[in-house]
Each structure stands twice: as structure tokens, then as C-alpha cells.
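Engineer:
Number of protein chains: 2
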Amino acid sequence: MREHNLALALREIAFAHTPVSRADIASATGLTRATASSLVDALVGAGLVVESGPTARPRGGRPATGLVLSSTGPAGIGIEVNVDYVAVCVMDLAGVVRHRRIEGGDWRDVPAPEALARAASLTADVARSARRSGLRLAGAALAVPGLVQAPYGPLQLAPNLGWQDLDVLAVLRDAPDLPAVPLTVDNEANFAALAELYAAPAEPGAPRSFLHVSGEIGIGSGIVLNGALVRGRHGWSGELGHLTVSPDGPDCTCGSRGCLEQYAGLDAILRAAGLPAPRGTSLGGVSAVERIVETAKTADPSMLAALESAGTALGVALAGALNLLDLDAVVLGGAYARLAPWILEFVEQEIGGRLLSAPWSAPQVRASLLQADAAVLGAARSVVQGVVDDPASWVARVGA
Amino acid sequence: MREHNLALALREIAFAHTPVSRADIASATGLTRATASSLVDALVGAGLVVESGPTARPRGGRPATGLVLSSTGPAGIGIEVNVDYVAVCVMDLAGVVRHRRIEGGDWRDVPAPEALARAASLTADVARSARRSGLRLAGAALAVPGLVQAPYGPLQLAPNLGWQDLDVLAVLRDAPDLPAVPLTVDNEANFAALAELYAAPAEPGAPRSFLHVSGEIGIGSGIVLNGALVRGRHGWSGELGHLTVSPDGPDCTCGSRGCLEQYAGLDAILRAAGLPAPRGTSLGGVSAVERIVETAKTADPSMLAALESAGTALGVALAGALNLLDLDAVVLGGAYARLAPWILEFVEQEIGGRLLSAPWSAPQVRASLLQADAAVLGAARSVVQGVVDDPASWVARVGA
DNA sequence: AGGCTTATGTTCAAGGCCTAAACAAACCTG
DNA sequence: CAGGTTTGTTTAGGCCTTGAACATAAGCCT
Numbered sequence: 001m002r003e004h005n006l007a008l009a010l011r012e013i014a015f016a017h018t019p020v021s022r023a024d025i026a027s028a029t030g031l032t033r034a035t036a037s038s039l040v041d042a043l044v045g046a047g048l049v050v051e052s053g054p055t056a057r058p059r060g061g062r063p064a065t066g067l068v069l070s071s072t073g074p075a076g077i078g079i080e081v082n083v084d085y086v087a088v089c090v091m092d093l094a095g096v097v098r099h100r101r102i103e104g105g106d107w108r109d110v111p112a113p114e115a116l117a118r119a120a121s122l123t124a125d126v127a128r129s130a131r132r133s134g135l136r137l138a139g140a141a142l143a144v145p146g147l148v149q150a151p152y153g154p155l156q157l158a159p160n161l162g163w164q165d166l167d168v169l170a171v172l173r174d175a176p177d178l179p180a181v182p183l184t185v186d187n188e189a190n191f192a193a194l195a196e197l198y199a200a201p202a203e204p205g206a207p208r209s210f211l212h213v214s215g216e217i218g219i220g221s222g223i224v225l226n227g228a229l230v231r232g233r234h235g236w237s238g239e240l241g242h243l244t245v246s247p248d249g250p251d252c253t254c255g256s257r258g259c260l261e262q263y264a265g266l267d268a269i270l271r272a273a274g275l276p277a278p279r280g281t282s283l284g285g286v287s288a289v290e291r292i293v294e295t296a297k298t299a300d301p302s303m304l305a306a307l308e309s310a311g312t313a314l315g316v317a318l319a320g321a322l323n324l325l326d327l328d329a330v331v332l333g334g335a336y337a338r339l340a341p342w343i344l345e346f347v348e349q350e351i352g353g354r355l356l357s358a359p360w361s362a363p364q365v366r367a368s369l370l371q372a373d374a375a376v377l378g379a380a381r382s383v384v385q386g387v388v389d390d391p392a393s394w395v396a397r398v399g400a
Numbered sequence: 001m002r003e004h005n006l007a008l009a010l011r012e013i014a015f016a017h018t019p020v021s022r023a024d025i026a027s028a029t030g031l032t033r034a035t036a037s038s039l040v041d042a043l044v045g046a047g048l049v050v051e052s053g054p055t056a057r058p059r060g061g062r063p064a065t066g067l068v069l070s071s072t073g074p075a076g077i078g079i080e081v082n083v084d085y086v087a088v089c090v091m092d093l094a095g096v097v098r099h100r101r102i103e104g105g106d107w108r109d110v111p112a113p114e115a116l117a118r119a120a121s122l123t124a125d126v127a128r129s130a131r132r133s134g135l136r137l138a139g140a141a142l143a144v145p146g147l148v149q150a151p152y153g154p155l156q157l158a159p160n161l162g163w164q165d166l167d168v169l170a171v172l173r174d175a176p177d178l179p180a181v182p183l184t185v186d187n188e189a190n191f192a193a194l195a196e197l198y199a200a201p202a203e204p205g206a207p208r209s210f211l212h213v214s215g216e217i218g219i220g221s222g223i224v225l226n227g228a229l230v231r232g233r234h235g236w237s238g239e240l241g242h243l244t245v246s247p248d249g250p251d252c253t254c255g256s257r258g259c260l261e262q263y264a265g266l267d268a269i270l271r272a273a274g275l276p277a278p279r280g281t282s283l284g285g286v287s288a289v290e291r292i293v294e295t296a297k298t299a300d301p302s303m304l305a306a307l308e309s310a311g312t313a314l315g316v317a318l319a320g321a322l323n324l325l326d327l328d329a330v331v332l333g334g335a336y337a338r339l340a341p342w343i344l345e346f347v348e349q350e351i352g353g354r355l356l357s358a359p360w361s362a363p364q365v366r367a368s369l370l371q372a373d374a375a376v377l378g379a380a381r382s383v384v385q386g387v388v389d390d391p392a393s394w395v396a397r398v399g400a
């Protein structure tokens, strides 16, 4: 009961981006001002919330004392190991990124323990900085590009890293210097979707359901239904790249035929435009996306045609997802956020034609608000959100 | 708090298919025996639960008094208006169908108010019978074959009934004699999935996620994620029939091309086998499914080929859904339950080849346990389940 | 400036519900 | 028939919410 009400009160403070008063919380939640006061006291005592000074009322009355999320309260660490970089960040309760490290390189042929050791070292580094800033670490979440049994299980397969059947969290935990915090792991696409979910704050109760396309080398996606990630039975949901676009289409590396990846993957786009596919997207050279964007900007006809057919294929796959799930929106993230100017039109056109309900209510299709680092941000956010969703256990942890 | 615990206790009684004791509830929920006792007293007082006599303990000790769901407590009415029949049933708390009426006929060219008036009349009929059996009606749910804004909204489109933009609940409510109970409406495919969900009782906490294919004339589906129906933004989820199987395939009635319905719909199967498509599936004549089953039993080569290609197309679409959602199982319901012997193999084969995660953990693919009346049962079940999920409001309703 | 109005936040008694422990009931075993 | 065991109830205690009164701190009006 207390547990539930603490979460209720904290959510009001978290969702509002301006300071709220105890009275606001009371009227928004239906609780008494007395109860709201008591809840807020507990939250302040646990270091989750701080008072931000009096705010004058418009037409008289005692000024309210504003409440905001503490910037010295619990913080979450996001860790992302990807093909051409390792990134780490620390996010505070309010969602502000307080520290970050990124290290480029080609991690494809590096043994997994080595890559994870590097990630652990960066993590230890930001953790020290965070502690110096007065933050208390609530946990860390690892984003990986592959199939993984979220939130604790082993990694099954990360094709682009060349990893397979590996208990990544155990390896990470064994690294020296790693701060002793709870660890979780999930697919980078899921975390990227989570980041998008919280990028544009909305009403507390507003249902938000969307699919976030998250393509770099493969094409993944994260599905958010009513504000919650759909992880699936094993945490393997969102494998958009291997949706069948045409059953007799070109062979795919997965063993199937006609997968979306063969039409709309970055390699496929470059191939279709008659350009050589660079190996990976290393920071040193010119990345695949850059290459495509540059060429598209010159209005190169074969590139524009390649993007049109990629957008069309993506639209076919997304129309399928929308027919199945009746979502509010589709968000193009990752590489597709950059390519949106050239593909959005075709994606929308295909969705308009193939989605049964489109004539009544067409879903929104838009590019992501975030940059390429959506996954790290989402990972860190997942930790922070865990505290916001269940403040009672944090209160207990601090008390002990 | 009380609200939550009442639901907790009732769920224990509902999920167990043998009588449970107050002590069982206490140990299963972690509450005290005293609290469990108090909760049970409230449930018994509200007529939701009855004691079923003492049950001896195996190794001594005081015998427990068994608790089961009351068969004279609240009951739900399910109403289904479909192309060739109108069906109504009353289900009690335990999930037993206590009364039912079905009326055949061809409702396609009948004006909507007339069909709904007929449904209302049948409903009033079973409601009287139910009251005579000592049941109290908690509500009624209407299943319709089309896009509808669940759970209260108007019907947008029911192509096979020829209905469009109609507030079905308002029409139904205006019918004379209709019992004054809360009304809801949803797609028949959603209700059929719900019926399947509760057909095979499982552990209370066990996550159950599956897609239930529900084809009669069109191909719909209901998606259950972690034991809850996914209704989507407007309640339009599960439109499996218009998933694109091949982007350049045959034109579909929906305006798109290459929809699953054009490959695996009953009409499509008959066409592919060289048989004329009967109009609808009227009870008087031989239905489309019957026709297909009969022909397939004679091992007619063109029919077998038609079923193979239907199964393959269905497999392609289902593999897409599974790649997106990572479900536990796919259940073939409606007409496809009957056709399972001839198509299951091809559906599984296609899923095995196209589902990225299949090598690690292949989802179950099976025929539905229920007959064609899954939708009515599911509709009635939705009402019953509403009471089980929120007993507190029923307790309040009875008290008032 | 002083009183009135308005709104916030706190204090305090009352009640609801859960917990823990003791107690009564009912059956089996030897 | 006594001892053991398990169920269900009773009772005292404590946590948390409620509702109302009260204190605080402004703006507004004369």
C-alpha cells in the first residue's frame, strides 16, 4: 500500500518537468494532502526528491514549495558494447546524463572477455566520477547487439560481434574495479526504444505504444506497448530485420529468404546503389550511413532508387507490425533516423496502402529524437526507471 | 490494499481446479491465515465463493474446508453476431456454460438493427433462464467480426456483415427486454483468444503469450501477452489476414496486394483447389470448411497442394509475428483448427526456417482446443474474468 | 496598513486492515 | 485415549490513510 503510494507520488514528480507541490500530488493522485505530505517526506528522506524553493501562486494563497527529483540521488549506469565502440554513461534521476565515456575501435574480432573488460574499466571510471559528484549508484545495465535472455540471462548470439552462448554479466562481474551494483542486460534495440519512450515526456497515464526501428548493421526494433517494453518469452522480441518481405527473395545470412535486412539493411542499400559495402562502421573511416547520406545528398539516381526500395520494404514490414499490434506510432531510429528524409515518404506510402485501419486513423511515422547513442541512454534509463517505479525498495535500501 | 488482496485471494481459488483452503491461500500469497480468513469471509459474503465441505488431510491435522467459486454467483453473458449465426451463452464464475442459444441463418444482408434485435432477444431469453438458476448477471460482452473500438466504442467496419460506422452497443441497449447490465464489445478474434487462454488452466503466475489464429471468412487473430489481451490503440490489433505475404501478390479486397487472406483464406483455398467458393458458411448447406475437409480426406491432389500453399503462407505470416513478439505458442483456431492435419506441417516448417530464434527454442504450434464457438465463450469469459480480477467492486455492488 | 481571501502544509484523533501470537477445533497415529 | 498436526479464529498491536481543524504565507482591496 505504502509501496504503491510512494510510487504514485514519485511518478507525479518525475513526469512533470516543472516543480510540483505536495498539494498538486494530492489532487493528482486523489490522496489527502496529509498523506501526500507524509509520502513526500519519505522520498525526501531517502534522497530521491529535494525541495526547490517556494513558487508563487498566481492569485494569492500561500506559495507552494516546489519538489523536483534529486540530482544527487540514485543514478543509473548504462553500458553499451557495440561493433565499433564501447560507450558508458551515468544518468541521474531526472534523466540528465552526468558523465559519459566512449571509446571507438573495431570490436568484432576481439575476444568477448577483452571487450567486456574494457567496458568494465570505463564503467569503473565513470562510477568514480559519479561518486565524486555525490551520486549513489543504483545499478548498471548492459546493452548488446544480439539475442540475449533479458534481464539476467546469458547472451545467445551476437552475430556482428561474433559472440555466442556467453554469460556476459558473469564475465562483466568478474572484472576488477567494477562497482558492486545490480547488473542487468538487454538487447540494444530494446534499450533504444526505452530511451525514445522517455525522450518526449507525456502525461503520466497516457498510453504510449510504438515500435522503434533501431538499425545499424542488422535491423532490430524495440516494441513499447502501453508504456512498457515487450521483451517476449526470452527477451528476443523485435527481430524486425528477419521479417519476410518476399518469400522467394534473396538468401539471408540467417538461413531464410527474403528477409527485410536483404532489402533495407545498410549493406543492401549500398549494394543496390552500386557502392562497395564498408566493413562495419568504424569511427576512423567513413561509416556506411555517412556514405549513404553523402551520396543521397548529391541526388545520385541509383542511390535514391536504392533508398526508395529500402523504404518500401521497410514499409511492408512495418505495415505488418502495425496490422498486428495497432500501435500509435513508428519511430525510425539508429541509422534510419539519418535516412528518414529519403525513405520516410515511401515508408508512409506503403503503410498507408497496406494497413487495414489506415483510412480511419493513420499511425504517426517519424524519425527518432535521439542520436546514435539511444541504446546507452536507454540502458541507463532502465536503471533509473526501476527506482522511480519502485521507490519503496530504494527507501528500504537507503534506510539499511 | 484490501482491493488488491481480495483479487489475490480470489485468483488463488479461481486458478486451482480443486478446492483450496484458507490456509492454502495464506501460504500461496504470503499473507497471514488471519488475513486470508478475513478476505475469504468477504468473498463468501458477496456470493463469489462457497465452502465445499471438509477435505481430509493426508497425515492428520484438522481437515480443511474447501473453497470453490460459487456457481450461483455473478455470471457473464457472451453474445456473438456472425455471418451465419447469432449465439448467446451464460457462463458462471467457474467457467461453466450454464445456458446457451444459437440461431442459424444468413445475416449478411439483414440490416444491423434487425440482427442486433435478434441477438438482444436471445440474450433476454438466456438472462431469464440464468436468473431462474439463481445466477446474478455481472455484464454482457458482444463479439463481432470486424474492427471495433473496444471495449465501448462503435464498430468501424464489419466487411462480411456489411456493417459500417455503427454504435452497436447503443443499438443493442435500445432493444426491449435486454437485461440492464454493463455492456462491452470486442472483436471476435480477441474473444476467441481469451477463451483459449482460459481453456487450459495453468499456474497463476505463469506467463502465457500466444497468438490465436481465428479464421472463418477473413483471417483474424488475438494476441495474448503475459496473460493479457493486446488490444492496441483502438482495439484493432491482430489483423493477421492483411499481413503482406508477397508485396506483388494478387489484389486483395482491402485495396492492398499480396495479403495473407489471398493465400490462406478459405475462399482462396477453394479457388486454388479448383472448387467454387460457397457464399458464406450457412448452416443449411455445406460450409466452406466442411467442403475443404471432405475434399482433403479424399487425398485430392489439387486440394492438398492448395492446403500446402495456404499453410506455407500462414507460416510466413506467423514467423513474422513470432520474430516480432517472441511468443510461447501459436494456436490455430476457428476454421484452421479443422484444417490443422493438412496445414500444420507446412506452418511449422516455414516457422522453423524463418524464425531467427527457432534453432534455440522453437515455439509450440498447435490446433485450438475449442470448437467454433470460442468467440462467444471468450466474450462471456471476459465478463467473468472482470469480476475475478476486481472482486472489490463486485463486493461493493452487492453490498449496495 | 490592516483585514479578507486564498491556498499550502502540518497536526491530531479515528478507523481500516494487516501481523503476530495465542487459542480452539478437528482429525490421525500409535 | 493421549500426543501430534494442521486448520481456522480471536485478540492486541501497529502502520497507514482519512478528514477536519489549524497554522502559515502570500495577494487583494479599501
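Same order as they appear, the protein sequences are chains S and R. For the first sequence, counting from 1, position 371 maps to 371 in full-length UniProt numbering; every step adds exactly one. For the second sequence, counting from 1, position 269 maps to 269 in full-length UniProt numbering; every step adds exactly one. Beta carbons are placed, not taken as given, at the ideal position from N, Cα and C, and that holds for glycine.
(1) Which of helix, strand or coil does DSSP assign to residue 163 of chain R?
(2) On a CA-only basis, which of S:17, S:88 and S:268 is nearest residue 101 of chain S? Give me that one, please.
(3) Taking CB distances under 9 angstroms as the criterion, tell me whether residue 328 of chain R reaches chain S.
(4) Can you tell which of S:83, S:59, S:132 and S:302 has its C-alpha closest to the C-alpha of residue 159 of chain S?
(5) Should residue 393 of chain S be labelled buried (16 or more other beta-carbon atoms within 10 Å of its own) or exposed?
(6) Is it the case that the region 66-79 of chain S contacts the region 43-50 of chain S, given that we only count it when at least three CB pairs across the two stretches are under 8 angstroms?
(7) Under the assumption that residue 22 of chain R contacts residue 36 of chain R (Cβ atoms under 8 angstroms), give the Cβ distance between them as a whole number of angstroms.
(8) Whose CA, out of R:157, R:223, R:131 and R:165, lies closest to the CA of residue 181 of chain R?
(9) Using beta carbons (cut-off 9 angstroms, strictly below), is residue 232 of chain R in contact with chain S?
(10) Please state whether the Cβ-Cβ distance between residue 186 of chain R and residue 144 of chain R is less than 9 angstroms.
(11) With a threshold of 9 angstroms between beta-carbons, can residue 357 of chain R be considered close to chain S, or not?
(12) Which residue or residues does DSSP assign as beta-bridge partners of residue 210 of chain S?
(13) I want to see whether chain R comes within less than 9 angstroms of residue 242 of chain S, judged by CB atoms only; does it?
(14) With a 10 Å radius around its C-beta and 16 neighbouring C-beta atoms as the bar for buried, classify residue 17 of chain S as buried or exposed.
(15) Quick check: what's the CA-CA separation for residue 104 of chain R versus residue 352 of chain R?
(16) Identify the contact partners of residue 320 of chain S in chain R, using a Cβ-Cβ distance below 7 angstroms as the criterion.
(17) Which class does residue 4 of chain R belong to by DSSP, given the choice of helix, strand or coil?
(18) Should residue 1 of chain R go down as buried or exposed, given a rule of 16 or more other Cβ atoms within 10 Å for buried?
(19) For residue 51 of chain S, which of helix, strand or coil comes out of DSSP?
(20) Going along chain S, which residues have a C-beta under 7 angstroms from residue 1 of chain R?
(21) Is the region 207-216 of chain R close to the region 330-350 of chain R, with three or more CB pairs under 8 angstroms?
(22) Pick helix, strand or coil for residue 184 of chain S, following the three-state DSSP scheme.
(23) Helix, strand or coil for residue 292 of chain R per DSSP?
(24) Which residues, in chain order, does the UniProt domain "HTH marR-type" (8-54) of chain R contribute to contact with chain S at a C-beta distance below 7 angstroms?
(25) From what residue to what residue does the beta strand (DSSP E) around residue 65 of chain R run?
(26) Below 7 angstroms between beta carbons is the criterion; list the residues of the region 152-166 of chain S that meet it against any residue of chain R, in chain order.
(27) Can you name the residues of chain S whose CB is closer than 9 angstroms to the CB of residue 247 of chain R?
(28) Taking CB distances under 9 angstroms as the criterion, tell me whether residue 223 of chain R reaches chain S.
(29) Are the region 144-153 of chain R and the region 111-126 of chain R touching by the rule of at least three beta carbon pairs closer than 8 angstroms?
(30) Would residue 324 of chain R and residue 239 of chain S qualify as a contact pair, given that the criterion is a beta-carbon distance under 9 angstroms?
(31) Taking buried to mean at least 16 other C-beta atoms within 10 Å of its own C-beta, is residue 156 of chain R buried or exposed?
(32) By DSSP, does residue 88 of chain S sit in helix, in strand, or in coil?
(33) Leaving out five residues before and five after residue 250 of chain S in sequence, what residues of the same chain have Cβ atoms less than 6 angstroms from its Cβ?
(34) Identify the continuous alpha helix (DSSP H) that holds residue 380 of chain S and give its terminal residues.
(35) How many whole angstroms separate the CB atoms of residue 121 of chain R and residue 177 of chain R, which I take to be in contact at a CB cut-off of 8 angstroms?
(36) Would you mind telling me which residues of chain R sit closer than 7 angstroms to residue 133 of chain S, beta carbon to beta carbon, in chain order?
Structural biologist: Reading it off the structure:
(1) strand
(2) S:88
(3) yes
(4) S:83
(5) exposed
(6) yes
(7) 5 angstroms
(8) R:131
(9) yes
(10) yes
(11) yes
(12) S:224 and S:329
(13) With 9 angstroms as the cut-off, residue 242 of chain S counts as an interface residue toward chain R.
(14) exposed
(15) 40 angstroms
(16) 243, 244 and 320
(17) helix
(18) exposed
(19) strand
(20) 1
(21) yes
(22) strand
(23) helix
(24) Of all residues in the UniProt domain "HTH marR-type" (8-54) of chain R, none comes within less than 7 angstroms of chain S when Cβ atoms are compared.
(25) Here the beta strand (DSSP E) through residue 65 of chain R covers 64-69.
(26) 156
(27) 245, 246, 312, 313, 316, 350 and 354
(28) yes
(29) no
(30) yes
(31) buried
(32) strand
(33) Correct list, in chain order: 262.
(34) 374-389
(35) 7 angstroms
(36) Within chain R, no residue comes near residue 133 of chain S; the closest Cβ sits about 38 angstroms away, beyond 7 angstroms.
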